[in-house]
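Novice:
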Amino acid sequence: MVEQEILPRLRERFPLSAAPLCLRLTTFGRSESELAQSLDHLQLPPGVVMGYRSSMPIIELKLTGPAEQREAMLALWPEVQKVAGESMIFEGTEGLPAQIARRLQQRQLSLTLSEQFYRWSAGATAFSRQRSAVGQRSHSGAGGDPGAVCALGGGTARKHFAGLALAVSGQESDHLNFALSTPDGTYALRVKFTTNRHSLQVRQEVCAMMALNMLRRWLNGQRWPVNTAGLTSSNLSQRKSTSASGAPPGAR
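Mapping to the UniProt record's numbering: the sequence shown position 16 is 16, numbers consecutive.
#1: Report yes if the C-beta of Gln-105 is less than 8 Å from at least one heavy atom of the ligand SAH; otherwise report no.
#2: Pop quiz: Leu-63 and Leu-35 are said to be a contact at Cβ under 8 Å. What is the actual Cβ separation, rounded to whole angstroms?
#3: If you draw a straight line from the alpha carbon of Leu-212 to that of Pro-97, how long is it in whole angstroms?
#4: Which ranges would you report for the alpha helix (DSSP H) in the stretch 38-102 if only whole runs of at least 4 residues count?
#5: So Phe-178 and Met-210 are supposed to be a Cβ contact under 8 Å. How far apart are they, rounded?
#6: Could you give the residue range of the beta strand (DSSP E) that holds Val-168?
#7: Look at the alpha carbon of Gly-51 and the alpha carbon of Glu-68, and state the distance between them as a whole number of angstroms.
#8: According to DSSP, simplified to helix, strand and coil, what is Ala-36?
#9: Take Asp-40 as the anchor and find which of Glu-79, Ile-6, Arg-103 and Leu-104 has the nearest alpha-carbon.
#10: Secondary structure at Arg-190, three-state DSSP: helix, strand or coil?
#11: Does the beta-carbon of Gln-99 have 16 or more other beta-carbons within 10 angstroms, so that it is buried, or is it exposed?
#12: Taking Ser-110 as the reference, which of Leu-180, Val-168 and Asp-174 has the closest Cα?
#13: Classify Leu-166 as buried or exposed, calling it buried when 16 or more other Cβ atoms lie within 10 Å of its own Cβ.
#14: Give the straight-line distance between the Cα atoms of Ser-31 and Gly-92, rounded to the nearest whole angstrom.
#15: For Glu-5, report the span of its beta strand (DSSP E) as first-last.
#16: How many Å lie between Gln-4 and Arg-11 at the Cα?
#17: Pull up the distance between the alpha-carbon of Gln-106 and that of Pro-15, whole angstroms please.
#18: Rounded to whole angstroms, what is the Cα-Cα separation between Leu-189 and Glu-115?
#19: Arg-217 by DSSP, collapsed to three states: which one?
#20: Does the beta-carbon distance from Pro-66 to Phe-28 come in below 9 Å?
#21: In the DSSP assignment, find the unbroken beta strand (DSSP E) run with His-175 in it and report its ends.
#22: Just to confirm my understanding: we take Leu-219, look at its own chain, exclude 5 residues before and 5 after, and list those with CB closer than 6 Å. What are they?
#23: Tell whether a beta-carbon distance below 9 Å holds between Leu-21 and Met-88.
#24: Over what stretch of residues does the beta strand (DSSP E) that includes Leu-111 continue unbroken?
#25: Name the DSSP bridge partner or partners of Cys-22?
#26: Evaluate Lys-159 with the Cβ neighbour count: other Cβ atoms within 10 Å of its Cβ, from every protein chain shown; 16 or more gives buried, anything less gives exposed.
#27: Among Asp-184, Asn-196, Thr-182 and Val-48, which has the Cα closest to the Cα of His-175?
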């Protein structure tokens, strides 16, 4: 009775307008204020708003408006994408772990994870949650030396017969080392935390996202700045150092 009589009458008396349109993308590595300032110049169509949702360590940009402004919003969206630039990690609602899992399946690659920084809070950490979403194997035991982490990444890939290995060291003297072993070489990143104002869980969230972003960039053909071929453990750390203070660090 409800579907056959009541709802049709309500639709007759109160016509429903088309659902609003929402275009969204997610960024990592930039502050909300910086993004807002960079987008402040945009001339928004009537009824269209630019929104921001911050959930450490990511920031979501949302362009929302009535369906009749669809064409104008789609024409404006490339400007939003341009401002986001390389800090954009995905569009829509797919999420980064799902994106990485899809890319791995498309390329028929397996992934082994080796980490120490996240073991302090076991399966409750962001890395545990996100690596389970990626759906690949893992094991722990990365040391703190940059060269050792790179060597571990390559050794882990060979041990588990995996195409890719992602290694994250334990925190040592405010530094963390990341290494991604791939068929075309090993890529490394050394990060320094200059502040402890964020909780351990937040720092784990940031570093988990950084590790996944490092993998995402390689899968998308955005090469990492440091290839460790020919580098020694002593000069590796001097080639790349990224600050993790203030806003969450992004992979550039």
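No residue lacks a Cβ here, since even glycine has one placed at the ideal position from N, Cα and C.
Specialist: Reading off the structure:
#1: Among the components of this structure there are no ligands whatsoever, and the ligand SAH is therefore not found.
#2: Locating residue 63 in the sequence shown gives position 63, where the first residue counts as 1. Locating residue 35 in the sequence shown gives position 35, where the first residue counts as 1. Not confirmed; about 13 Å, so no contact.
#3: Walking along the sequence shown from the start, residue 212 turns up at place 212. Walking along the sequence shown from the start, residue 97 turns up at place 97. Going from the Cα of Leu-212 to the Cα of Pro-97 covers about 8 Å.
#4: Counting only runs of 4+ residues, the alpha helix (DSSP H) found wholly inside the stretch 38-102 occupies 70-84, in chain order.
#5: Start at 1 with the first residue of the sequence shown, and residue 178 comes out as number 178. Start at 1 with the first residue of the sequence shown, and residue 210 comes out as number 210. Between Phe-178 and Met-210, the beta carbon gap of about 7 Å places them in contact (Cβ cut-off 8 Å).
#6: Translated into positions along the sequence shown, residue 168 becomes position 168. Note, Val-168: beta strand (DSSP E), 164-168.
#7: Position 51 of the sequence shown holds residue 51. Position 68 of the sequence shown holds residue 68. Rounded to the nearest angstrom, the two C-alpha atoms are 19 Å apart.
#8: Position 36 of the sequence shown, counted from the first residue, corresponds to residue 36. Helix, per DSSP.
#9: For the purposes of this step, residue 40 is taken as residue 40 along the sequence shown, with counting starting at 1. Answer by Cα proximity: Glu-79.
#10: Here residue 190 corresponds to residue number 190 of the sequence shown, with the count starting at 1. Secondary structure of Arg-190 (DSSP, three-state): strand.
#11: Sequence index remark: in the sequence shown, residue 99 carries index 99 (1-based). Residue environment: Gln-99 is assigned as buried (16 or more neighbouring CB atoms within 10 Å of its CB, all protein chains considered).
#12: Walking along the sequence shown from the start, residue 110 turns up at place 110. Checking every option, the nearest Cα to that of Ser-110 belongs to Leu-180.
#13: Here residue 166 refers to the residue found at position 166 when the sequence shown is read from its first residue. By the Cβ neighbour-count rule, Leu-166 is buried, with 16 or more other Cβ atoms within 10 Å of its own.
#14: The sequence position of residue 31 within the sequence shown is 31, counting from 1. The sequence position of residue 92 within the sequence shown is 92, counting from 1. Between Ser-31 and Gly-92, the C-alpha separation is close to 20 Å.
#15: By one-based count along the sequence shown, residue 5 stands at place 5. Note, Glu-5: premise wrong, no beta strand (DSSP E); not H, not E.
#16: Position 4 of the sequence shown holds residue 4. Position 11 of the sequence shown holds residue 11. Going by the C-alpha atoms only, they are around 12 Å apart.
#17: On the sequence shown, position 106 is the one that residue 106 refers to. On the sequence shown, position 15 is the one that residue 15 refers to. Distance between the alpha carbons of Gln-106 and Pro-15: 44 Å.
#18: Looking up residue 189 in the sequence shown gives position 189. Looking up residue 115 in the sequence shown gives position 115. Their backbone Cα atoms lie some 14 Å apart in a straight line.
#19: Against the sequence shown, residue 217 aligns to sequence position 217. Looking at Arg-217 - three-state DSSP - the assignment turns out to be helix.
#20: Residue 66 sits at position 66 when you count from the first residue of the sequence shown. Residue 28 sits at position 28 when you count from the first residue of the sequence shown. Against a cut-off of 9 Å, the Cβ pair of Phe-28 and Pro-66 comes out as no contact.
#21: In the sequence shown, the residue the question calls residue 175 occupies position 175. In the DSSP assignment, His-175 falls within the unbroken beta strand (DSSP E) covering 175-182.
#22: Counting from one through the sequence shown, the residue named residue 219 turns up at place 219. Here the set comprises Arg-103.
#23: By one-based count along the sequence shown, residue 21 stands at place 21. By one-based count along the sequence shown, residue 88 stands at place 88. No, they are not a contact pair.
#24: As a working mapping, residue 111 is identified with position 111 in the sequence shown. Per DSSP, the unbroken beta strand (DSSP E) holding Leu-111 starts and ends at 111-115.
#25: For the purposes of this step, residue 22 is identified with residue 22 of the sequence shown, where counting begins at 1. Note: Cys-22 sits in a beta bridge opposite Thr-64.
#26: Counting from 1 along the sequence shown, the entry for residue 159 is found at position 159. In this predicted model, Lys-159 has a pLDDT of only 48, less than 50, meaning its place in the structure is not dependable enough to derive any value.
#27: Here residue 175 corresponds to residue number 175 of the sequence shown, with the count starting at 1. Scanning Asp-184, Asn-196, Thr-182 and Val-48 for the CA closest to the CA of His-175 turns up Asn-196.
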